[in-house]
Amino acid sequence: MAQTDEELIIDYLRGNDKAMELIFLKFKVQVFNYAFRLLSNRADAEDVTADTFLAIFAKKYSYQPEVKFVTWLYTVVRNACIDRIRKRKKHVSLSVKNKEDNEAEGAQIDVVDEKAVPVENIEENERARQVQLAINKLPDEQKEAIILRAYHSMDYQQISQIMNCSLPNVKILIFRARENLRKELSFFMMEGAE
Amino acid sequence: MNHEELKILVNAYYDGEATAEEKAVVETHLKECGECRKFLQGLRRLSSTLKNWSDESLSPDVSQKIHQEMGKFKEGVKMQNVYSRVSVTIATVVVVAFVAVFLNQNYYSLQMTGRLKSPIERDVKKYPDELAQKQQITVPESLGVRVDGLAKVEGDKAAMEFKGQKTDEAQQYEPYYLSSGYRIQQNVQPISPPTIEALTPEQETEQLAVRDVSRASLAVRSRQDEGGFQAQSYEAQTYGSTEETYSQELAKSACVSGWCGTPPPSPTIYYPQQTYYPPIYTYPAPSTTEEYGRIDENEFLDATQNPLSTLSIDVDTASYSNIRRFLNQNQLPPKDAVRIEEMINYFTYDYPQPSWGRPFSITTEVSTCPWNPQHELVLVGIQGKTLENRQVPPSNLVFLIDVSGSMADYNKLPLVKQGFKMLVNSLRPQDKVSIVVYAGSSGVVLDSVPGHDKYQIIAALDRLQAGGSTAGGQGIQLAYQIAQKNFIHYGNNRVILATDGDFNVGVSSEAELVRLIEEKRNQGIFLTVLGFGMGNYKDSKMEQLADKGNGNYAYIDNVQEAQKVMVNELGTMLFTIAKDVKIQIEFNPNEVKAYRLIGYENRLLAKEDFNDDTKDAGELGAGHTVTALYEVIPAGAFTFDSHRPSVDPLKYQATKVKRSDDLMTIKLRYKEPRSNHSQLITKEVNRRRMSWAPISDNFQFASAVAEFGLLLRDSKHKGNASYQSVLMRAQGALGHDPYGYRQEFLGLVQKAQSLDYRHRVNVYYPPNWSYPQPQPVPESDPIKFKGE
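The structure is reproduced here in structure tokens:
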């Protein structure tokens, strides 16, 4: 039977190197995407991913077994992201309002369609870009909450632990985020409506 | 509670985060409020829109690099940290805990919590110097080893409380909830600080007792400062209030010893409407020989394992009128007489006309499922082209009328005559009518009379009298012979059989009859079956005949129904515009976890049949509407109810799901009435592309009829369906109802509601009342949040 994440990390802390590999393999994409969605910058997100895993495996942070491992991991990633933004020396804020503003500020925003893509994916990528921009327009807290909820399927309690805020607050944040997104994306969801 | 607050609740409900009470509130509200159902649907649509921004992959270079970096942690792990040693001790503790459990039976019976000596205490004794030297030591704080009735030791979990290393760097990175103390209640009761070395057994017992009270939530922090290992301040920091935990504890131990405290006050039972239900005298059901085929409801199917749902359309309406007969006799219909698809298709819906050159249009609509808001309901509607009078081809009709003794009742032969007279009124000169009757033997009453010679036809009908046995098979054979003789090419050749379904003489071997009908079908002669009467009604046989004969099947219980079938919807019945109409729906596992087809139990096809033109399926008449409803569990839905248990993942096959945000793809095959080759229509359904218009009357009404069917069948998938909500929705969706069919439906629902004792649970409980029940043992999750 496969080990749970919690068992894995405890296994690693007991000195099992194999657990480290497993953790890395299991969570690397997730961690990278979370960082990428928060930072909207591929290079930074890659750095954060590296920082996170290296810090964890260097046992920089203590793990509390009563917290879910994923929750804890995301907290670490989140802090690393905040750290990363500070390291940009406050030139840029976490809130990436939109492409134009940030280009003016000198920050680099990676939007999804930068890769060379086959023609049939253009429409798909355009949709992805629209969604990304809409999410980036949200206020920071709403953005974080909805990213955790929509893309990483965290429940409200986990979100409140990761974001360090109260449960009712999370409820409101997600509600507001969805309301805003609905307004922002309405034209796009209407597209081709019958 | 205003709408905004409710929407927040609905939002939480959508995420599966509503408490039981909130859930109840939301579900009651959703039943009433179309706007909020739409809102909930909007949430689903938003979620699938958001999925467009899919996961990026981490580039292999970076992955490789991190992997290399990781390599350096591999050596010297054991030297570097104290964790491994501590965890070994923890393992020991767990074992010790086990032993303790087995030794001390009290723990079992009283459900007490035990506390075992923390490893650091032992460690101090063993290695005092070593520990003292280390400035930055990680101290396991407490070892609340919980022992519950099942002797399940959760030491591993509770024991692993470490405090982070106190380097500056570490603190900077330390997760918020580790460093900030906001969760810790301020009004904690300090416990006298025992020094660790001096823990005498008595003290330990004392501490044990205290800890019993606050259970695993007690976290004692010791701070170690320079010099020696003296606990400076021992604070009992409970996360909940101590009193509360204590009383819970008391209640629990009391429950164990058989006394559950003061029982909660018995509930006041309100009858909200204060209506007195007089006992309805239901006449004992007359002993009948009616036969219904057994219907096993469709189950939820996993969209990954069974992505395809294939069915033949069903244009029959018999079940609804049969149900109406039962209800009008103050009886609930037998379960197997309820075919939900026939109930839905009894009504005509307002779908758009097909575009030019197509025989029909397809309409889809997705919304929240009214009887289970966690699910969605997908409506697939087909509208057949309406023919204008001049476009209608000439007909060659053979009325095959059963005049056996069983047809003598007032609601049989007289009704048959009445019905056919109404039909004859709308015939044209180019149509031909023959009449074949059968009783003990069969005979031709009228052979190919033109449609405008109404006097002759009506006179012939009037002469018919009932008597004798029933040689149905012979009659059918003769009728087909006559039809063959008068065959009109490019016309509409049809045998209309009016019977109570009881064949008892001659070729009543069903297989032989079916073979005959199938053979004639292929020659272009279709069959319509009209069912009459009751008592010895053979529903199953007649449905099968119509099904095999490329025909339709209606049940006529009164003159109004005869009017509907034989006058208002005559075109629908007589003129087939497409035959062998099959629907195949492919669900997208990205969006759909599982689905269930409502009704159509005996119309399911194998998935291979869809592309097989030799397989028979349903026919679509001119102006016909056919509606299928799917109940869908959206992917990522938090289902509270029991969905079928999942199957183990396949060992040798990996199903790869393609990226798409479609909900499903509808494929439809049909043949032109005289063609042997099918044509394909494909349509994708995407939540994103659904319009924002309010829920249509079609959807509301069809879902109300389906819900009614679920109630009559007492289906296990009925969720929180109720007659109330059926009425409410149907009332709001009467739409264009020239003949009053929908109005009549309301009457039937009310009748069923008063007859149905299965669903009459009108006990109202105040919102905060719950059954007295033993408290479940809470999970050992000491983290509680401010907001809770």
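Top line first, the protein sequences correspond to chains R and C. Residues in the first sequence are numbered consecutively from 1, following the numbering used here. Residues in the second sequence are numbered consecutively from 1, following the numbering used here. Glycine is no exception: its CB is placed at the ideal position from the N, C-alpha and C atoms.
| query | result |
| --- | --- |
| C:Leu311 versus C:His624: straight-line alpha-carbon distance, rounded | 17 Å |
| Of the listed residues C:Gly419, C:Asp336, C:Phe487 and C:Gly468, nearest to C:Leu461 (C-alpha basis) | C:Gly419 |
| Same chain, Cβ closer than 7 Å to C:Phe360, five either side skipped, listed in chain order | Pro354, Ile382, Gln383, Gly384, Lys385, Ala578 and Leu620 |
| Own chain partners of C:Leu727 with C-beta closer than 6 Å, once the 5 adjacent residues on each side are dropped | Val749 |
| Beta carbon proximity, R:Gln3 to chain C, threshold 7 Å | no |
| C:Leu597 - DSSP class collapsed to helix/strand/coil | strand |
| Rounded straight-line distance, which links the Cα of R:Glu124 to that of C:His736 | 41 Å |
| DSSP state of C:Gln383 mapped onto helix, strand, coil | strand |
| Interface flag, R:Gln158 vs chain C, CB-CB below 7 Å | no |
| Contact test: C:Leu530 Cβ vs the ligand MN heavy atom, cutoff 6 Å | Within the structure as shown, the ligand MN is missing, as the structure has no ligands at all. |
| Same chain only: Cβ atoms within 7 Å of R:Ala145, ignoring 5 sequence neighbours per side | Ile159, Met163, Val170, Leu173, Ile174 and Ala177 |
| Any C-beta of chain R under 7 Å from that of C:Met70 | yes |
| Contacting positions in the stretch 360-380 of chain C - beta carbon closer than 7 Å to chain R | none |
| C-beta contact flag for C:Arg596 and C:Asn550 at 7 Å | no |
| Reduced DSSP category for C:Met664 - H, G, I as helix; E, B as strand; rest coil | strand |
| Partners in chain R for C:Asn11, counting only beta-carbon separations shorter than 7 Å | Ile174, Phe175 and Arg178 |
| Test item: CB-CB of C:Arg494 and C:Asp314 under 7 Å | no |
| Simplified DSSP assignment, three categories, for C:Gly571 | helix |
| Rounded separation between C:Asn2 and R:Thr75 - CA only | 35 Å |
| Separation of R:Leu138 from C:Glu174, as counted between CA atoms | Note that C:Glu174 scores 41 on pLDDT, short of 50, meaning its location in the model is unreliable; the coordinates nonetheless yield the value given after this. C:Glu174 and R:Leu138: Cα-Cα distance of roughly 27 Å. |
| Contact with chain C by R:Asn136, beta-carbon distance below 7 Å | no |
| The stretch 477-495 of chain C touching the stretch 389-401 of chain C, judged by at least three CB pairs closer than 8 Å | yes |
| Range covered by the beta strand (DSSP E) that runs through C:Leu413 | Note, C:Leu413: premise wrong, no beta strand (DSSP E); alpha helix (DSSP H) at Leu413 to Asn425. |
| Cβ of R:Asn205 within 7 Å of any chain C Cβ | One cannot answer for residue 205 of chain R here, as it falls past the ends of chain R, which runs 1 to 194. |
| Three-state class that DSSP yields for C:Leu58 in the structure shown | coil |
| Residue(s) in a DSSP beta bridge with C:Ser678 | C:Lys671 |
| Extent of the continuous alpha helix (DSSP H) run through C:Gln584 | Looking at the DSSP string, C:Gln584 is not in any alpha helix (DSSP H); the run it does join, the beta strand (DSSP E), is Thr576 to Phe587. |
| DSSP state of C:Thr499 mapped onto helix, strand, coil | strand |
| Limits of the beta strand (DSSP E) - the one that C:Leu527 falls within | Ile525 to Phe532 |
| Interface residues of the stretch 16-48 of chain R facing chain C [CB-CB below 7 Å] | Asp17, Met20, Phe24, Lys28, Val29, Phe32, Asn33, Phe36 and Glu46 |
| C:Ser703, enclosing alpha helix (DSSP H) - first and last residue | Asp697 to Arg713 |
| At least 3 beta-carbon pairs within less than 8 Å: the stretch 545-564 of chain C vs the stretch 6-22 of chain C | no |
| is_contact[C:Thr49, chain R] using C-beta, thresh 7 Å | yes |
| Residues of its chain near C:Ala752, where Cβ-Cβ distance is below 8 Å and the 5 sequence neighbours each way are ignored | Leu327, Leu332, Phe708, Leu711, Leu712 and Tyr723 |
| Inter-residue Cα distance where the pair is C:Asn11 and C:Lys593 | 20 Å |
| Spatial distance of R:Glu191 from C:Trp356 (CA atoms) | A caution first: R:Glu191 carries a pLDDT of 49, below 50, which makes its placement in the model unreliable, though a value can still be read off. Straight-line Cα distance between these residues: approximately 25 Å. |
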